[in-house]
Amino acid sequence: MGKADQQRVRELEQIAKELRIAVLKMVYSAGSGHIGGSLSAADIVTALYFDKMRIKPEEPDWDDRDRFILSKGHAGPILYAALARRGYFPMEELSTLRKLGSRLSGHPACFKTPGVDMTSGSLGHGLSVGLGMRLAGRVKGKDYRVFVLLGDGEIQEGQVWEAAMAAAHFKVDNLVAVVDYNRVQLDGTVEEVMEVAPLADKWRSFGWQVLNMNGHNMADILPTLDEAIDRSKEGPVVVIADTVKGKGVSFMEGKSAWHGRCPTEEEYRQALAELEGQGGEVV
Amino acid sequence: MKKMIAQREAYGEALLDLGKANPNVVVLDADVSNSTRTVYFAEQFPGRFFNFGIAEQNMMAAAAGMAKCGLIPFVNTFSFLATYRAADQLRTSIVYPKANVKIAATYGGLSDSFDGPTHQSIADLAWVRALPDLTVVVPADAVEVRKALPVLAEVNGPVWLRLSRNPSPVVYGDDFEFTLGKAAVLREGTDVTLMSCGTVLERVLEAAARLVQDGVNPRVVSISTLKPIDKEAILAAARETGAIVTVEEHNIVGGLGAAVSEVVADQHPCPVKRVGIPDTFADTGPYDELLDRFGLAVDDIVQAAKAALALKKANGR
Chain A
18 MGKADQQRVR ELEQIAKELR IAVLKMVYSA GSGHIGGSLS AADIVTALYF DKMRIKPEEP
78 DWDDRDRFIL SKGHAGPILY AALARRGYFP MEELSTLRKL GSRLSGHPAC FKTPGVDMTS
138 GSLGHGLSVG LGMRLAGRVK GKDYRVFVLL GDGEIQEGQV WEAAMAAAHF KVDNLVAVVD
198 YNRVQLDGTV EEVMEVAPLA DKWRSFGWQV LNMNGHNMAD ILPTLDEAID RSKEGPVVVI
258 ADTVKGKGVS FMEGKSAWHG RCPTEEEYRQ ALAELEGQGG EVV
Chain B
3 MKKMIAQREA YGEALLDLGK ANPNVVVLDA DVSNSTRTVY FAEQFPGRFF NFGIAEQNMM
63 AAAAGMAKCG LIPFVNTFSF LATYRAADQL RTSIVYPKAN VKIAATYGGL SDSFDGPTHQ
123 SIADLAWVRA LPDLTVVVPA DAVEVRKALP VLAEVNGPVW LRLSRNPSPV VYGDDFEFTL
183 GKAAVLREGT DVTLMSCGTV LERVLEAAAR LVQDGVNPRV VSISTLKPID KEAILAAARE
243 TGAIVTVEEH NIVGGLGAAV SEVVADQHPC PVKRVGIPDT FADTGPYDEL LDRFGLAVDD
303 IVQAAKAALA LKKANGR
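Quick note, the sequences are listed as chains A and B, same order.
Residues in the first sequence are numbered from 18 upward in steps of one, following this note's numbering.
Residues in the second sequence are numbered from 3 upward in steps of one, following this note's numbering.
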């Protein structure tokens, strides 16, 4: 990795850190929200919105833009944080999350929030939507890329596999799915609740190209996404991202309790201190 | 005997015309393209036709993605699948995000008669009618299907269109014009209003003729846009005729009868009798016999009209 690349990695790590802090503040201020899955997706979302995606925040509806679908819609806070930081709407608006009349709904809504390409929240829809977007690209002769972020628990939904089958069948190009493989869902670990392993074999057998990456190592994320984008010209690609639920806050990491819980004031202070790098001792 | 044309046949032909007129029209089907008649479009425009196999949920959400990228997808499958198998996809990915998707829900009502209650669709209207901002259209015959399709393609938002499988009487002439949201008055009358949606209209007209023989002067109104419903036509019927009979190839719960009752109860109460499938699953058998057996015989309509008239009289009108 060259010096310029190392510099880029450090910049993106800094942005991811800011987004994590924004997520924590948003959820704390809202009094509810899905913090664990937002933190696990933070580095992936950062890499996409601040490095890989061809977008124009000043023109959210630009026809030729790359699309991002947060199929695991409960991680809305990380998407909102990225969109605000990228300039789609003011950062101050993040504190309106989940409030009545806010543009930042409990789950992303494309008609409310600038930059949200598709409404999500009911799990299992996003890959189908992304597939449709790429089929539209084929009909219209456009080569925008579509990125779909899936939860690992989410892929228990049968519709995901209908979409996987169809994407390979239609040989869609420029479609990249990323599985946020944090191994924890609402009721417990994915292994306990409904095992989804072996992930790579499942996707491969459905006709997808499979890549793996450490979803918290920017130096791994960037080249892997480049490879995924490149390979997606030949057909659909899934990137299985090894992640940690609640990544960045020691007492949230790997805990299903933090799927959808709001921190107490004390927990908030400690989490903030850890994320800001001023504390970080493990409780 | 009136000319008989199946709505799905008229739809398949009109869809092909739309495809010729508008390059943004794409068609999705779920392994029933011969039944839905989208096969005509598929043969002419293979690049704009997508067979999703037996996977309706994926098809519906993919249509939403296509619509979000500027296409006008027409999604095709049997009504019970479009409505219930893919209910969440319809709600969350199409209707709530206002995706410009047209859902052609064929084999509505009892029209898939021999396949039985698994394939019949008698509660679809109750569900789609309850979705905010979804346009719901139930045409009365093949002509109305043909006339409605270009209009529906122009609606910028989700539309749910119910079609019948079987040949049904052609009621309208070629000069008929479809106006979205507007009821069609087929017969003026002052004693009672017979209001229907869908292909049962011919039976309603027969019932009206019998009522006339019995000295009753019925109004006949076809409400093909179930949502947004033509409140003016309903309130005019309530005011001017004082009694209403609704007729639909649907459970008497939740469909046209409910929609009309809601409007009347809110703004101008009057007797409303609901003719339809009496809150039961139907059976396997010949289509016309099923209609006769399950609440939609011409006599059922006549009797309901007389009961409504009696109620009106008892109420002192």
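Yeah, the Cβ is synthetic: ideal placement off N, Cα and C, and Gly gets one too.
Treat the numbers as computed from the prediction; the structure is a model and nothing was measured.
- Message: In the DSSP assignment, the beta strand (DSSP E) including Leu166(A) goes from what residue to what residue?
- Response: Secondary structure note for Leu166(A): its beta strand (DSSP E) is the uninterrupted segment 163 to 168.
- Message: Using 8 Å as the cut-off, can you tell me whether the stretch 32 to 39 of chain A makes contact with the stretch 50 to 68 of chain A, which would need three or more C-beta pairs spanning the two stretches below that distance?
- Response: Contact between the stretch 32 to 39 of chain A and the stretch 50 to 68 of chain A is present, because at least three Cβ pairs lie under 8 Å.
- How would you label Met18(A), buried or exposed, when you count the other beta carbons within 10 angstroms and need 16 or more for buried? Exposed, by the Cβ-count rule.
- Query: Quick one: does Gly54(A) have its CB under 8 Å from some CB of chain B?
  - Reply: False, the Cβ-Cβ gap to chain B never drops below 8 Å.
- Query: Under 8 Å, do Glu167(A) and Val133(A) count as touching if we go by C-beta distance?
  - Reply: According to the sequence shown, residue 167(A) is Leu rather than Glu. No; because the gap between Cβ atoms is not below 8 Å, this pair is not in contact.
- Message: Considering just the uninterrupted stretch of the beta strand (DSSP E) at Leu83(B), what are its terminal residues?
- Response: Unbroken run through Leu83(B): none, as it is neither H nor E.
- Message: Based on DSSP bridge pairs, tell me the residues matched to Ala132(A).
- Response: Before going on, a small fix: residue 132(A) reads as Gly here, not Ala. None, per the DSSP bridge assignment.
- Query: Does DSSP put Trp79(A) in a helix, a strand or coil?
  - Reply: Correct three-state label for Trp79(A): coil.
- Task: Please go through the same chain and pick out, in chain order, the residues whose beta-carbon is closer than 7 Å to the beta-carbon of Gly141(A), but skip the five residues on each side of it.
- Result: The answer, listed in chain order, is Glu171, Glu174, Gln176, Val177.
- Neighbour flag for His91(A) against chain B, beta carbons, 8 Å: Not one beta carbon of chain B lies nearer than 8 Å to the beta carbon of His91(A).
- Message: Between Leu73(B) and chain A, is any beta-carbon pair separated by less than 8 Å?
- Response: Interface residue, yes.
- Beta-carbon of Tyr98(B) versus every beta-carbon of chain A: anything under 8 Å? Under the 8 Å criterion on CB atoms, Tyr98(B) is classed as interfacial with respect to chain A.
- Task: Tell me whether the beta-carbon of Ala284(B) lies closer than 8 Å to the beta-carbon of Leu292(B).
- Result: Yes, they are a contact pair.
- Task: Determine, using beta carbons only, whether Arg164(B) and Gly118(B) come nearer to each other than 8 Å.
- Result: Going by C-beta atoms, Arg164(B) is not nearer than 8 Å to Gly118(B).
- Taking the runs of the alpha helix (DSSP H) that are 4 residues or longer, which of them lie wholly in the stretch 116 to 166 of chain B? 126 to 131, 144 to 156, all fully within the stretch 116 to 166 of chain B.
- Counting Cβ pairs, one atom from each stretch, are 3 or more of them under 8 Å apart for the stretch 247 to 257 of chain B and the stretch 201 to 209 of chain B? Contact check between the stretch 247 to 257 of chain B and the stretch 201 to 209 of chain B: three or more CB pairs, one atom from each, fall below 8 Å, which counts as touching.
- Task: Could you tell me which chain A residues have their CB closer than 7 Å to the CB of Ala66(B), listed as they occur along the chain?
- Result: Those are Val146, Gly149, listed as they occur along chain A.
- Examine chain A for any beta-carbon lying closer than 8 Å to the beta-carbon of Ala235(B), and answer yes or no. Taking Cβ atoms only, chain A never reaches closer than 8 Å to Ala235(B), which makes this a no.
- Task: Output the residue ranges of the alpha helix (DSSP H) runs that lie fully inside the stretch 30 to 89 of chain B and measure 4 residues or longer, sorted by chain position.
- Result: If we require 4 residues or more, the alpha helix (DSSP H) runs fully inside the stretch 30 to 89 of chain B come out as 35 to 38, 41 to 46, 58 to 70.
- Item | Length of the line joining the Cα atoms of Asp290(B) and Val172(B) | Rounded to whole angstroms, Asp290(B) to Val172(B) spans 16 Å at the Cα level.
- Query: Using a beta-carbon distance below 8 Å, is Gln46(B) in contact with chain A?
  - Reply: Answer no: the Cβ-Cβ gap between Gln46(B) and chain A never drops below 8 Å.
- Message: DSSP three-state label for Leu96(A), please.
- Response: In the structure shown, Leu96(A) sits in a helix (DSSP, three-state: H, G or I).
- Query: Since Asp134(A) meets chain B, which of its residues come closer than 9 Å, beta carbon to beta carbon?
  - Reply: Close to Asp134(A), with beta-carbon spacing below 9 Å, are these residues of chain B in chain order: Lys70.
- Task: Compute the Euclidean distance between the alpha carbons of Val29(B) and Tyr97(A), then round it to the nearest angstrom.
- Result: Rounded to the nearest whole angstrom, the CA to CA distance from Val29(B) to Tyr97(A) is 34 Å.
- Cβ of Asp90(B) within 8 Å of any chain A Cβ: In terms of beta-carbon proximity, Asp90(B) lines the interface with chain A, with at least one pair separated by less than 8 Å.
- For Val139(B) versus Leu228(B), is the C-beta distance shorter than 8 Å? Taking 8 Å as the Cβ cut-off, Val139(B) and Leu228(B) qualify as a contacting pair.
- Task: State yes or no: is the beta carbon of Glu179(A) nearer than 8 Å to at least one beta carbon in chain B?
- Result: Glu179(A) counts as touching chain B.
- Could you check where the alpha helix (DSSP H) with Ala126(A) kicks off and where it finishes? No alpha helix (DSSP H) holds Ala126(A); DSSP gives it neither H nor E.
- Task: Have a look at Ile105(B), Pro99(B), Pro75(B), Lys70(B) and flag the residue whose alpha-carbon is nearest the alpha-carbon of Tyr86(B).
- Result: Taking Tyr86(B) as reference, the option from Ile105(B), Pro99(B), Pro75(B), Lys70(B) with the minimal CA-CA separation is Ile105(B).
- Message: So Cys127(A) contacts chain B; which residues on that side make the cut at Cβ distance below 7 Å?
- Response: Residues of chain B passing the Cβ test: Pro99.
- Between the stretch 152 to 183 of chain A and chain B, which residues of the former have a C-beta closer than 7 Å to a C-beta of the latter? Taking 7 Å as the Cβ-Cβ cut-off against chain B, the residues of the stretch 152 to 183 of chain A that qualify are Leu152, Ala153, Gly154, Val156, Lys157, Gln176, Glu179, Ala180, Ala183.
- Does the Cβ of Gly278(B) have 16 or more other Cβ atoms within 10 Å, making it buried, or fewer, making it exposed? It is buried - the Cβ of Gly278(B) has at least 16 other Cβ atoms within 10 Å.
- Item | Under the three-state DSSP convention, the category Val26(A) falls into | Here Val26(A) sits in helix by DSSP.
- Item | 6 Å Cβ shell around Lys188(A) - same chain, five flanking residues per side excluded | If we look at Lys188(A) and ignore the five residues flanking it on each side, its Cβ neighbours are Gly252.
- Taking the alpha-carbon positions, what's the Lys22(B) to Pro131(A) distance? Rounded to whole angstroms, Lys22(B) and Pro131(A) show a C-alpha spacing of 35 Å.
- Task: Could you have a look at Val254(A) and say whether DSSP puts it in helix, strand or coil?
- Result: Val254(A): strand per DSSP, three-state reduction.
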